[in-house]
Amino acid sequence: MTENKSVVRPAIVGFLILALITGVIYTFVCTGIGQLLFNHKANGSIITGTGNGQEVQYGSEFLAQPFTDPKYLIGRPWNDGVPTNLNPVGNEQAALVQERIDWWHELDPENTADIPMELVTVGGSGYDPEITPAGAEYQVARIARERGIGEEKVREIITANTTDRAFGVLGEPTVNVLKVNLALDGIETE
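Structure below.
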């Protein structure tokens with residue numbers, strides 16, 4: 001009986017110490033480092049601006065918003081419960097892509113250019129906040145026409161909200177859809 005007590009007590013003490021280290025201390029240290037070094041990102045990268053004399057939160061830089069109005073830049077399709085891992089050459093995926101192609105043609109019948117693939121396929125997360133510059137360029141004429149402004153003005157706004165490759169080599173340039181749409185509406189953000 002005493003042999004069991006000698007094994008159980010150190011096991012329980014060891015468990016409690018490790019639980020304290022990994023569950024409490026580690027969590028507070030990581031949260032503290034995040035708050036000190038990456039405060040904006042650690043708090044959700046919320047895009048804020050001033051409206052009616054008060055600070056307004058418009059959304060996160062890293063989470064898409066559903067824009068479907070023709071006067072806005074429209075991002076990738078939302079997940080909407082559809083699996084993002086469908087067979088890329090399967091009938092179900094082909095039907096979804098065709099449905100989205102039809103939607104784009106209905107939205108902008110004057111645009112005869114090829115629709116960039118990203119505008120008809122869901123991203124891995126299902127809520128991608130960014131599109132490629134090609135996806136944004138595809139929509140420039142429609143946005144300018146709907147808003148009654150020049151295409152160059154729309155391109156300037158898109159360029160101002162385009163992030164280049166990290167360190168000049170990693171990834172691809174991306175356009176933040178929410179930031180572009182806020183700029184199109186004349187909303188100044190922080």
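The sequence shown runs 1 to 190 under our numbering.
Each residue gets a CB set at the ideal place from its N, CA and C atoms; glycine is no exception.
Residue i and residue j closer than 9 Å at C-beta
| i | j | result |
| --- | --- | --- |
| THR174 | THR159 | no |
| LEU184 | ILE47 | no |
| LEU182 | GLN139 | no |
| ARG100 | THR121 | yes |
| VAL180 | ALA136 | yes |
| GLU61 | ASN176 | yes |
| ILE157 | GLY51 | no |
CA-to-CA distance, residue j to residue i, given in whole angstroms
| i | j | result |
| --- | --- | --- |
| VAL38 | GLY32 | Checking the sequence shown, residue 38 turns out to be Phe, not Val. Looking at the two C-alpha atoms, the distance is approximately 10 Å. |
| ARG165 | GLU172 | 5 Å |
| GLU55 | ASN161 | 21 Å |
| GLY44 | GLN35 | 11 Å |
| TRP104 | GLY59 | 25 Å |
| ALA42 | LEU20 | 23 Å |
| HIS40 | PHE167 | 20 Å |
| GLY124 | ASP80 | 13 Å |
| ARG155 | GLN98 | 28 Å |
| VAL24 | LEU96 | 46 Å |
| PRO116 | PHE15 | 54 Å |
| PHE28 | ARG9 | 27 Å |
Presumed contact (8 Å Cβ cut-off) between residue i and residue j, rounded CB distance
| i | j | result |
| --- | --- | --- |
| PRO129 | GLY75 | 7 Å |
| ASP108 | ARG147 | That belief does not hold up - the Cβ atoms of ASP108 and ARG147 are roughly 14 Å apart, past 8 Å. |
| GLY49 | GLU190 | 7 Å |
| TYR127 | LEU86 | TYR127 to LEU86, Cβ: 17 Å. No contact. |
| ILE131 | GLU118 | 6 Å |
| TRP78 | PRO70 | That pair is no contact at about 17 Å. |
Cβ of residue i within 9 Å of any chain C Cβ
| i | result |
| --- | --- |
| VAL7 | Of the protein chains in the structure, only one exists, and it is not chain C. |
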